[in-house]
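For reference, the structure discussed in these notes is given below.
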Amino acid sequence: MDAKTSTTHAPPIGQLLREWRASRRLSQLDLALAADISARHLSCMETGKAQPSRDMVLRLADALGMPLRECNALLMAAGYAPKFPETSLSTPAMTQIRRAIELMLEQQEPYPAFLLNRHWDILMANHAAARVANFVLRGASSPHANMIRQIFDPNDLRSAIVNWEDVAGDLIRHLHDVVSATPSDTVARALLDEALAYPGVPMQWRIRDLSTAPSPLLTTIFRVDDQQLSFFSTITTFGTPRDVTIDEMHIESCFPMDEETAEFCRKLVLRDNA
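With the sequence shown counted from 1, adding 11 to any position gets you the working numbering.
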């Protein structure tokens, strides 16, 4: 793993370090102090005058708080093999992780819960999520397997969200933050551009709003005819991950805001079992 590998298509490590340092709003001195190296040494690495060791790359990645995927990219840019594996959830090696996730999703019944990756792709969902979506979409299937697209597409869940601007605005702020914090994530950038291109999106959302942080509690209100469903969401992440797949996943759990919503979710179970 310490042997150097080909990086024909990788950007120079100095370029990546400058981009990440800028995204974290750190001066060379700030990053040098955090990584316990001299500012001069960091400057030489950024300009290509010095080649960092593998341990130095990992130290800088840790000081920058880089996700595991980007840490691997930094290693490869320096000519080293990646450190962290990326294992599919469907492989035998992930059986215990997959079972743990399934148990957490099942535990959330009769309320919706989703397993999402960092681009809001829905990897897994419990039966409650399917029941609520089926009700909200009046029996139709969602054309998207991505939560951002479901929220922004007028032909999807968006049409039934009473507080759509609040929900969508919160997601846009999260997307802007991801794009800013992870400059190499072209998928997140493309998803942000796609979301902003949907009809009815306020023009001011195209500029990152630094004055307002994303709300710690996201509330979503659906209305279908005379029935209103109100949920708030919580996010669960996996601590100290050592695999890229696990590092990028989180579970979003929806809880009823009122007894009316809770009771309706219980009734949906009875209808499903009838």
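Even glycine gets a Cβ: it sits at the ideal position worked out from N, Cα and C. Just so you know, these numbers come straight off a predicted model, no measurement behind them.
For residue i, name the three-state secondary structure that DSSP assigns.
i      : result
Ser244 : strand
Met2   : Outside the displayed span of the chain (12 to 285) sits residue 2, for which this structure offers no information.
His155 : coil
Ser17  : Because the pLDDT of Ser17 is 37, which lies under 50, any placement of that residue in the model is unreliable, and the question is left without a value.
Ile162 : helix
Phe249 : coil
Pro63  : coil
Gln107 : helix
Ala201 : helix
Gln215 : helix
Met12  : In this prediction, Met12 scores a pLDDT of 38, lower than 50, which makes its location untrustworthy; the coordinate-derived value is nonetheless stated afterwards. Reduced to three states, the DSSP call for Met12 is coil.
Gln118 : helix
Closer than 7 Å by C-beta to residue i: which residues in its own chain qualify, once you throw out the five before and the five after it? Chain order, please.
i      : result
His155 : Gln161, Asp164 and Asp167
Ala171 : Val147, Phe233, Arg234 and Val235
Trp216 : Gly180, Ile183 and Leu207
Arg169 : Ile162, Phe163 and Trp175
Met268 : Thr230, Ser241, Phe242 and Phe243
Excluding the 5 residues flanking residue i on each side, which residues of the same chain have their C-beta closer than 6 Å to its C-beta?
i      : result
Leu228 : Phe243
Leu71  : Ala46
Ser17  : Note that Ser17 scores 37 on pLDDT, short of 50, meaning its location in the model is unreliable and no value can be drawn from it.
Val143 : Pro123
Gln26  : none
Leu203 : Leu186 and Val190
Pro194 : Glu30 and Ser34
Tyr209 : Phe163
Over the uninterrupted beta strand (DSSP E) stretch that includes residue i, give me the two end residues.
i      : result
Thr231 : Leu229 to Val235
Ser34  : Unbroken run through Ser34 is the alpha helix (DSSP H), Ile24 to Ser34; no beta strand (DSSP E).
Ile262 : His261 to Pro267
Leu126 : Ala124 to Leu127
Starting from residue i, trace the alpha helix (DSSP H) both ways and give me its first and last residue.
i      : result
Asp275 : Sequence check: residue 275 is Phe here, not Asp. Unbroken alpha helix (DSSP H) run through Phe275: Glu270 to Asn284.
Met56  : Ala50 to Thr58
Ala179 : Trp175 to Ala192
Met135 : Element bounds for Met135: not the alpha helix (DSSP H) but the beta strand (DSSP E), Ile133 to Ala136.
Ala171 : Segment: none, Ala171 is in no alpha helix (DSSP H) and carries neither H nor E.
Gln39  : Gln39 to Ala46
Thr8   : As shown, the chain starts at 12 and ends at 285. That puts residue 8 outside it, with no answer to give.
Going by Cα to Cα distance, which pick from the options is closest to residue i?
i      : options                           : result
Ser82  : Leu28, Leu40 and Ser264           : One detail in the question is off: residue 82 reads as Cys in this sequence, not Ser. Per the Cα distances, Leu28.
Thr231 : Ser241, Asp204, Pro267 and Thr248 : Ser241
Lys278 : Asp73, Glu113 and Tyr122          : Tyr122
Gln239 : Gln118, Thr272, Arg219 and Glu259 : Thr272
Phe249 : Asp41, Glu274 and Asn128          : Asn128
Phe275 : Ala139, Glu205 and Ala151         : Ala139
Ala199 : His185, Leu86, Met115 and Phe266  : His185
Asp237 : Arg35, Val173, Leu37 and Glu30    : Val173
Ile246 : Arg110, Val212, Ala201 and Gln119 : Gln119
Thr223 : Tyr209, Ala136, Asp177 and Met268 : Asp177
Phe125 : Asn157, Arg149 and Ile108         : Asn157
Glu117 : Ala151, Asn137 and Pro63          : Asn137
Asp41  : Ser64, Ala74, Pro63 and Arg65     : Ala74
Ala1   : Leu37, Ile262, Ala111 and Ile159  : Examination of residue 1 is not possible in this model, given that the chain is present from 12 through 285 alone.
For residue i, which residues of its own chain have a beta-carbon under 8 Å away from its beta-carbon, when the five flanking residues on both sides are left out?
i      : result
Ala61  : His52 and Cys55
Gln39  : Arg32, Ala50, Leu53, Ser54 and Glu57
Ala43  : Ser49, Ala50, His52 and Leu53
Ser191 : Ser34 and Arg219
Pro23  : Gly59 and Ala88
Ser99  : Met105 and Thr256
Arg149 : Val235
Phe266 : Tyr122, Phe242, Phe243, Ser244 and Thr245
Arg65  : Asp13, Leu86, Ala89 and Tyr91
query: Does the pairing of the region 254-268 with the region 72-82 give three or more beta-carbon distances under 8 Å?
result: yes
message: For the pair the region 265-283 and the region 129-136, tell me if three or more CB-CB distances fall below 8 Å.
response: No, the region 265-283 does not touch the region 129-136.
query: Counting pairs of beta carbons, one from the region 60-70 and one from the region 84-94, are three or more of them closer than 8 Å?
result: yes
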